[in-house]
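Worksheet: the structure to be examined is printed underneath.
Residue numbers (the working numbering): 582 to 790.
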């Protein structure tokens with residue numbers, strides 16, 4: 582899968598292991614999600630466009646690179662994706678933030694859209710869609726479908742943990758996007774939860790059950 586990056590950095594793997602621990606409290610879990618998002622985002626955003634601008638240093642005037650073009654569009658998939666937003670904004674504070682709302686049918690496990698608002702003009706921005714979990718891949722595929730239907734072109738997707746089934750589905754449905762995964766887990770169980778996984782990311786981020 583040439584469009585898939587699976588991270589092996591020791592800090593990312595260590596923090597994901599802490600996420601998995603059922604005894605990790607809500608505040609620590611939330612902080613870890615932000616930290617992992619920042620570490621992954623550092624690599625995922627390595628091709629942000631630059632242009633040379635004139636800057637006056639205390640010594641002299643020089644031409645030096647700064648971000649150019651329309652600001653990054655960061656698009657979390659509600660609600661768990663919200664936990665990754667601050668980690669990316671720490672890297673790119675000027676990013677515009679859109680939102681895609683999807684909920685999963687408890688019987689079919691398929692996603693249903695209830696909200697979508699993206700920064701304009703979306704077709705001129707690099708777009709980073711984020712969701713901590715890539716399980717069946719249904720929500721990720723639908724989110725990218727929604728972004729493309731509204732004109733999005735330069736799209737990346739980032740998740741902390743993925744199941745092989747979901748990663749394959751997303752990659753086959755959208756072979757033109759870049760996918761970044763913190764750790765590829767073993768499989769999905771009968772309830773479509775990732776194994777070994779970390780439970781329900783949304784519940785653990787927001788302290789709900």
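Here a beta-carbon is modelled for each residue, glycine too, at the ideal position from N, C-alpha and C. Bear in mind the structure is a predicted one, so any value in this text is a computation, not a measurement.
query	result
Span of the alpha helix (DSSP H) around residue 787	782-787
4-residue-minimum alpha helix (DSSP H) runs that sit fully inside the region 630-679, ordered along the chain	666-672
Residue span of the beta strand (DSSP E) that contains residue 694, given as start and end	692-698
Distance between residue 789 and residue 731 (C-alpha atoms, nearest Å)	32 angstroms
Nearest-angstrom Cβ-Cβ length linking residue 676 and residue 655, presumed shorter than 8 angstroms	5 angstroms
Backbone CA spacing between residue 784 and residue 638 [nearest angstrom]	48 angstroms
Beta carbon of residue 786 nearer than 8 angstroms to that of residue 610	yes
Candidates 619, 646, 620, 681: closest to residue 632 by CA position	646
Beta-carbon gap between residue 596 and residue 617 smaller than 8 angstroms	yes
DSSP state of residue 623 mapped onto helix, strand, coil	helix
Endpoints, the alpha helix (DSSP H) within which residue 725 is located	719-730
Exposed unless 16 or more other CB atoms sit within 10 angstroms - verdict on residue 742	buried
For residue 762, the three-state DSSP class (helix, strand or coil)	strand
Residue 599: first and last residue of the uninterrupted alpha helix (DSSP H) it sits in	591-601
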